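Protein chains in written order, with the working numbering: chain R, 6 to 247; chain P, 6 to 247; chain W, 6 to 247; chain H, 6 to 247.
Worksheet: one structure, shown below.
Protein chains: 4
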Amino acid sequence: MSHTIRVTVWNENRHERNPNHPARRVYPEGMHTAIANYLASLPGIETRTATLDEPEHGLTEDVLAATDVLTWWGHVAHAEVQDVVVDRVQARVLNGMGLICLHSAHFSKIFRRLMGTTCNLKWRDVGEKERLWVMEHGHPIVEGLGEYFELPQEEMYGEPFDIPAPDTLVFVSWFQGGEVFRSGCCYTRGQGRIFYFCPGHETYPTYYDQNVLRVIGNAVRWAAPVAEPTRVFGNSKPLEPL
Amino acid sequence: MSHTIRVTVWNENRHERNPNHPARRVYPEGMHTAIANYLASLPGIETRTATLDEPEHGLTEDVLAATDVLTWWGHVAHAEVQDVVVDRVQARVLNGMGLICLHSAHFSKIFRRLMGTTCNLKWRDVGEKERLWVMEHGHPIVEGLGEYFELPQEEMYGEPFDIPAPDTLVFVSWFQGGEVFRSGCCYTRGQGRIFYFCPGHETYPTYYDQNVLRVIGNAVRWAAPVAEPTRVFGNSKPLEPL
Amino acid sequence: MSHTIRVTVWNENRHERNPNHPARRVYPEGMHTAIANYLASLPGIETRTATLDEPEHGLTEDVLAATDVLTWWGHVAHAEVQDVVVDRVQARVLNGMGLICLHSAHFSKIFRRLMGTTCNLKWRDVGEKERLWVMEHGHPIVEGLGEYFELPQEEMYGEPFDIPAPDTLVFVSWFQGGEVFRSGCCYTRGQGRIFYFCPGHETYPTYYDQNVLRVIGNAVRWAAPVAEPTRVFGNSKPLEPL
Amino acid sequence: MSHTIRVTVWNENRHERNPNHPARRVYPEGMHTAIANYLASLPGIETRTATLDEPEHGLTEDVLAATDVLTWWGHVAHAEVQDVVVDRVQARVLNGMGLICLHSAHFSKIFRRLMGTTCNLKWRDVGEKERLWVMEHGHPIVEGLGEYFELPQEEMYGEPFDIPAPDTLVFVSWFQGGEVFRSGCCYTRGQGRIFYFCPGHETYPTYYDQNVLRVIGNAVRWAAPVAEPTRVFGNSKPLEPL
């Protein structure tokens, strides 16, 4: 409980490096920098960042071993993430590392791998209003929020969202254009905790929004691993006489 | 997160005051004292106790308002708990207070009220072995445990256990006589978190067992309320033009 | 599977008998009649109705014993339902009878009793549009529907809805005024299955809507009891040598 | 409801064709034949079989398109199942086909793919007693059973079982040697329903046991697809004016 939580903020970081892409104006240093700066400002959290174009996407065995919670944003280059790295991240999650998948990371290899489904959804990018309603009022991830919060402009993500039913459904979003979406979803897989959080289209200043950042910070604390019991698999002697 | 958690340890405290009951030898100061002593030894937790025969069972509005987590043990006198106090505890749980129901508290008015079912079960008291297996290895309630722990002598509680399917099933017990039991069950009701934990027959020294105490301590931290968003019920103006 | 499902359609039936209430024009024979007529038109279902002002509210031991699924609509007279009848219905649900709670039955004694929470919610009656989105596309309750359906005018029910997280969340509603609502919720309690379904304000012709009726019919089939194993509670001999 | 359910019973079928393997004596025509014979005896079910060594493992697009529910048994040759067939089965499940994974199919590619976890577990094959306790008494899969049933000799499978928490936990097994196991687990993934069922080591006559067969038959009915709403993914026009 009193340990520092070591967060690695991962970002595809392609839109922001494209001089012609509007994301560059919103996040000149990349979305990962905005998220990491916020998290680093919280007590008991230390952050590093990693991006797609680093060797091994910045996610070596050593980095993952020293990561308690990994956040993930990807969009146009999901296919470029190497399977060997996806294997490695999956194994680390199942052994206890937290994983927070943001926005278009719904279609990342790692999220699809852990969910077992297509993770497909509806979408529309016209800058409409999103209102995120809290479903689970006692949950640590909503600590300090009101009963809902709004984003004046976001990409619509709508149902059907082809995911397993969440272990805990934390947010449901209302969109101006008529859709709803399960926008905050908790899962446990192996010893790891996973949170999917909808907001964060690259052309809107979503990762400067105080409510969005608060949710990400709360989720990091929620997803941080506890001291892990050793799971013992395989052939096993009887504990009782037979 | 950094706030002190205020725990009220409630006990029926009848067996232990009966000079002819074996519980008196095991818990001369009552089970509540054993549990409260342990919890008080943990950093960031302060405890008080309350018992059935105090006025209002020791659970006045003021006490409950100053309680973050309530633990409950009852057995022979469930019917003596006044409905007005049950109403009060239920309302406080739904507003965020944690509740930990121990052993025969499965049949307490407050647990049945919150579950909506009979909470009936199988039982047998012959001092057989219970082995509690961890089902949910990443859960805060099992922090620091091994993959199972044993109690050399306990009362058997067996399925069917007439409860709603737990939100999270943390333990399943194996009993020597041939039964299994969902022995650690998490629920959220309203803004409050509830944990049912099976061990603790009054004639065995269960509440001195280090694993049992660790689970109770972990559960207290898990069940402590977060800063609560204001839930707004009732007639409500539109947020959008109609 | 091949047995006839015996449904009792229960209705408070007060609004519809009031000559000055708009519900009378919409449902001159009562909402129960509209619902029962539809169900009776389905193969393998036989129906009866029962209303508040009948002796024992029409829910005698004999009626309940001969009921596989009970549907419930109530609004202004929840408090007039006798506790002894609520006890009886609760016991019958826990022993396997299905229960379908419609619209304002969220505040019925029987639903609150089975849920353990206040079942409070937001509401607004201005005749706005409700769009019910399917969350669980493989579920028997949505058989034959599209991915959503709309009601041009309904009462808004909004979150927070103070219920236990549903075992299965089947529908989430979008409301024109800006709210969302978990509008189709499945629960198992004891051996009984419970479905809460949001639509059905008394002044709108909701119970003539083909999608709403289809959902109710599907829910009746889903909630019908299976051949019940005998649950054995209480003191129990060991199954293995000790 | 009245449609015939088309079941494909898939089997690795290697042990049974090995003249030196004890499975051959127990299942001279293969486990698939024992299972298919039972299912074919039920009204409203028609069966075919498919095995690993057939072209495309007997699971062509045409076969899968004509399969409502697929049962799967594999053990020593999981790795020989081609990924292209696993992809095909996964896609078909997400589009509504039921899948019943038996015993050592916990480690099949298809089950691991759909779960997202290792699906690892404890095991021991000494022919000990397994007692399967019903957890969910109102569930269609336990229709017609008692509160538990026993298998005099089975392979022990024990916790930890590295699976996502089941949507519905139907059975928990007690093993003579001291372990427990979540031995009947329901999942929905996409529009498909999945049931994992523990019993069935190849050297014991488990698939002649009347309770085991009844469970498999019930599971087939439970997993059969309903008439599917069309899920619409991708870019989507607003349903409301913006």
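C-beta: ideal position from N, C-alpha, C; glycine also.
Predicted, not measured: the structure shown is a model, and the values here were computed from it.
Between arginine 136 (chain H) and chain P, the shortest Cβ-Cβ separation is below 8 Å. Put simply, the backbone Cα of glutamine 95 (chain P) is about 25 Å away from that of phenylalanine 202 (chain W). The beta-bridge partner set that DSSP reports for arginine 136 (chain R) consists of R:Glu155, R:Trp179. Taking C-beta atoms as the reference points, tyrosine 162 (chain W) and valine 31 (chain W) fail to come closer than 8 Å. For alanine 55 (chain P), the secondary structure class from DSSP, reduced to helix, strand or coil, is strand. Rounded to whole angstroms, the separation of the alpha carbons of valine 91 (chain W) and glycine 79 (chain W) is 13 Å.
The beta carbon of threonine 9 (chain R) lies closer than 8 Å to those of Gly49, Ile50, Glu51 in the same chain, with the five residues before and after it left out. The DSSP-derived three-state label of phenylalanine 202 (chain W) is strand. Contact between proline 171 (chain R) and asparagine 223 (chain R) does not hold, since their C-beta atoms are separated by about 16 Å, which reaches or exceeds 8 Å. A straight-line Cα-Cα distance of about 35 Å links valine 231 (chain H) and valine 98 (chain R). Those residues of the region 131–156 of chain W placed with their C-beta closer than 8 Å to a C-beta in chain H are Arg136, Val139, Glu141, His142, Gly143, His144, Pro145, Val147, Glu148, Gly149, Leu150, Gly151, Glu152, ordered along the chain.
In chain order, Glu141, Gly143 make up the part of chain R whose C-beta sits under 7 Å from the C-beta of threonine 193 (chain P).
Going by beta carbons, histidine 37 (chain R) and asparagine 18 (chain R) fall inside the 8 Å limit.
In the DSSP annotation of this structure, asparagine 16 (chain P) is not part of any alpha helix (DSSP H); the continuous beta strand (DSSP E) holding it starts and ends at 10–16. Taking C-beta separations shorter than 7 Å and ignoring five residues to either side along the sequence, the partners of glycine 182 (chain W) in its chain run Arg129, Glu133, Met161, following chain order.
When 7 Å is used as the limit between beta carbons, tryptophan 179 (chain H) is near these residues of chain P: Trp179, Gly183, Glu184, Val185, in chain order.
DSSP places isoleucine 168 (chain P) in the coil class of the three-state scheme, outside both helix and strand.
Contact annotation: valine 175 (chain R) and valine 177 (chain W) have beta-carbon atoms that are not nearer than 8 Å. Chain-ordered listing is empty here: chain W has no CB closer than 9 Å to the CB of leucine 244 (chain R), the nearest sitting near 14 Å. Bounds of the alpha helix (DSSP H) holding valine 225 (chain P) are 215–228.
The Cβ atoms of alanine 28 (chain R) and isoleucine 105 (chain R) do not sit closer than 8 Å to each other. For a Cβ distance threshold of 7 Å, nothing in chain W lies close to glycine 103 (chain P): the least Cβ distance comes to about 15 Å. Taken through DSSP and simplified to helix, strand or coil, phenylalanine 116 (chain R) comes out as helix. Look at the region 217–239 of chain H: the residues with a C-beta under 8 Å from a C-beta of chain R are Arg236, Val237, Phe238, Gly239.
The three-state secondary structure of glycine 197 (chain P), taken from DSSP, is strand. DSSP places serine 241 (chain W) in the coil class of the three-state scheme, outside both helix and strand.
Among the residues of chain H, those whose CB is under 8 Å from the CB of arginine 129 (chain R) are Asn240, Ser241, Lys242, Pro243, following chain order. Assigned with DSSP and collapsed to three states, arginine 236 (chain R) falls in coil, not helix or strand. With respect to chain W, the C-beta atom of proline 60 (chain R) has no partner C-beta closer than 8 Å.
Rounded to whole angstroms, the Cβ separation of valine 147 (chain W) and glutamate 141 (chain W) is 7 Å, and the two are in contact under 8 Å. The DSSP-derived three-state label of valine 185 (chain W) is strand. Nearest to leucine 244 (chain R) by alpha-carbon distance, out of P:Pro33, P:Gly35, P:Trp179, P:Ala84, is P:Trp179. For the 8 Å CB-CB criterion, leucine 107 (chain R) and threonine 76 (chain R) form a contact. Beyond the five residues adjoining it in sequence on each side, glutamate 152 (chain W) comes within less than 8 Å, by CB distance, of Trp138, Val139, His142 in the same chain, given in chain order.
Short of 7 Å from the beta carbon of glycine 101 (chain H), and not among the five residues preceding or following it, lie these beta carbons of its own chain, in chain order: Gln196, Gly197, Pro230, Glu233. When beta bridges are read from the DSSP output, methionine 161 (chain H) appears opposite H:Arg129.
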